[in-house]
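These notes are about the structure you will find just below.
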Amino acid sequence: MQIHNFRTNCLLISLLLGLTACGGGNSSADDDSSTDSAPTADAGSDQSVASGDTVELTVTVTDDKTTTVSWSQTAGTTVDLSSTTDVTVSFTAPTVDGAQTLEFVVTVSDSVNPEVTDSITVTVNEIAELGSAFEAFGDNVSVVIDGSEVVFEATGRPDHRSCYWNPDNASGLYVDCDPDITQTAQMSPGFIEEYNNLFTLRAPLNPEQATSSSATGLGAVGIATSGVPIFNDQEGPNIDLELRVIQGFDRNGAHTGPQTYHYHLEPKAITNDDIELVGIIADGFLLYGRRCDSTGSYPEDLDASGGHVSFTQHTGSQDGDESYHYHIMNDLYLGAYYLMFPGDYQGTPNSIGG
Ligand SMILES: [Zn+2]
Ligand SMILES: [Zn+2]
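At position 262 of the sequence shown the residue is numbered 262 (our numbering), and the sequence of numbers has no breaks.
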């Protein structure tokens, strides 16, 4: 909360004394407390950060005298402030379990008028568990934690082999199609190299399930650890994937499309009937392979989106460490295929900007 009294005092003094100027640098007022303005202090907007972040607190002071500043912490795990008397102070956000609110109060005095104070809260978010999951994303995906959010960026080009790379093999990743999987006559036009995109997803570090689910749309609904966008189970507006389209997919359940190479089915280069982390869905929840690390087998408590709350290889194993995540569902589509993420979102989806 900012205390706005400087202008009011200034106006009042101007009226009483007929002064035409008022404010900093008016040294003639310094010797006369009757014309002295009380300071104002603004500690800035509340902040949301992650454990380990360096957090800066700055108080903005207005006064016509020299002021002193004093910071103190009034709530939360005690942190080590770089100074208690500087205008800008910093500290390292502590390790927390879940999220924790720290509160700081700054007091500003000009030794003449009553002291003024302002407070600021800093919410510290846990990253320890998710941090190890983020490390499972390959070199093709940039993962940056930004306060209480995490930002994923990927070009849509995979870090694995595919018969959708240009056969001149400049990528070094071209491989002939497996005729048991891909019917070349059904392949989509366009090599992977022909698409230049940057897919960006900004999601909360600690996503929460929404009160109601929401449908996925066409285009990217998530980003895989390989750098490739995850698409849902449709190939057009209200057009479910047809066998004819699937027969043109490579062994990763992927093909090229209007925007990018993308997955529709279980991508064998990432996961093949196992517990591997597959990617992140637009609502911030992680997507794993068909098996769950908590049991090593196919989960039997999945919701309609393939989600459940349990331990994973990226969480602790103590009570309370469980987290909500999705799995590729172990249900055959058209008798032979595993859809990657037919949806719906169980959290609040964020846009995946291209
Ligand atoms: Zn497609
Ligand atoms: Zn699971």
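From the three backbone atoms N, C-alpha and C, an ideal C-beta is built for every residue, glycine too.
Note that the structure is a prediction, hence the values are computed from the model and not measured.
Does ligand 1 have even one heavy atom less than 6 Å from the beta-carbon of G172? no
Can you check which of these residues, S212, S213 and F231, is closest to A220 by C-alpha distance? F231
Return the residue from the list C292, D176, S51 and T107 that minimises the CA-CA distance to T62. T107
Would you mind stating whether R290 and D273 have Cβ atoms separated by less than 7 Å? yes
Just to confirm my understanding: we take D240, look at its own chain, exclude 5 residues before and 5 after, and list those with CB closer than 7 Å. What are they? D233 and Q234
Can you list, in chain order, the residues of its chain with a C-beta nearer than 7 Å to that of G347? Leave out the 5 residues immediately preceding and following it. P207, E208, Q209, A210, D283, G284 and F285
Using 8 Å as the cut-off, can you tell me whether the stretch 255-273 makes contact with the stretch 186-201, which would need three or more C-beta pairs spanning the two stretches below that distance? yes
Who are the near neighbours of S72 in its chain, counting only those whose CB is closer than 6 Å to its CB and skipping five residues on each side? V105
Going by Cα to Cα distance, which pick from A203, G248, L198 and I280 is closest to D180? G248
If we count the other Cβ atoms within 10 Å of its Cβ and call it buried at 16 or more, is T271 buried or exposed? buried
Once DSSP output is grouped into helix, strand and coil, what is the label at S171? coil
Need the endpoints of the alpha helix (DSSP H) that L102 sits in, please. First-last for L102: A99 to S109, but that is the beta strand (DSSP E), not the alpha helix (DSSP H).
Do T88 and T58 have their C-beta atoms closer together than 7 Å? yes
Listed by chain order, which residues have C-beta atoms less than 6 Å from any heavy atom of ligand 1? Going down the chain, each residue whose beta-carbon is closer than 6 Å to a heavy atom of ligand 1 shows up: F231, E235, H255, G257, H262 and H264.
For ligand 2, I want to know if P167 counts as a neighbour, meaning its beta carbon is within less than 6 Å of at least one of the ligand's heavy atoms. no
Same chain, Cβ closer than 6 Å to Q47, neighbours up to 5 away in sequence not counted: V122
Could you tell me how far apart the beta carbons of E149 and A203 are, in whole angstroms, since I believe they sit closer than 8 Å? 7 Å
What separation, rounded to the nearest whole angstrom, lies between the Cα atoms of P94 and A75? 13 Å
Round the Cβ separation of T312 and S305 to the nearest angstrom and send it over; I've been treating them as touching at under 8 Å. Not a contact, Cβ separation roughly 16 Å.
Report buried or exposed for A215, applying the criterion of at least 16 other Cβ atoms within 10 angstroms of its Cβ. exposed
Quick check on DSSP: helix, strand or coil for R202? strand
What do you get for D146, buried or exposed, if any count of 16 or more other CB atoms within 10 angstroms of its CB means buried? Looking at its Cβ environment, which holds fewer than 16 other Cβ atoms inside 10 Å, D146 is exposed.
Name the residue from E103, N113, D42 and S142 whose alpha carbon lies nearest to the alpha carbon of T225. S142
Neighbourhood of S111 by C-beta, 6 Å cutoff - its chain only, sequence neighbours within 5 removed: Nothing listed; no residue qualifies.
If you draw a straight line from the alpha carbon of P349 to that of V228, how long is it in whole angstroms? 18 Å
Suppose you measure from the CA of L81 to the CA of S45; what does that come to, to the nearest Å? 18 Å
Assign D97 to buried or exposed, taking buried as 16 or more other Cβ atoms, counted over all protein chains shown, within 10 Å of its Cβ. exposed
With DSSP collapsed to three states, give me the class of F356. Because residue 356 is not part of the residues shown, which for the chain are 1 to 354, the question remains open.
For S351, count neighbouring C-beta atoms within 10 Å of its own C-beta (all shown protein chains included) and say buried if the count is 16 or more, exposed if not. exposed
Any idea if I328 is buried or exposed, counting beta-carbon neighbours within 10 angstroms, 16 or more meaning buried? buried
Over what stretch of residues does the alpha helix (DSSP H) that includes V116 continue unbroken? Where V116 is concerned, there is no enclosing alpha helix (DSSP H), although the beta strand (DSSP E) it sits in stretches over V116 to N125.
Simplified DSSP assignment, three categories, for I192: helix
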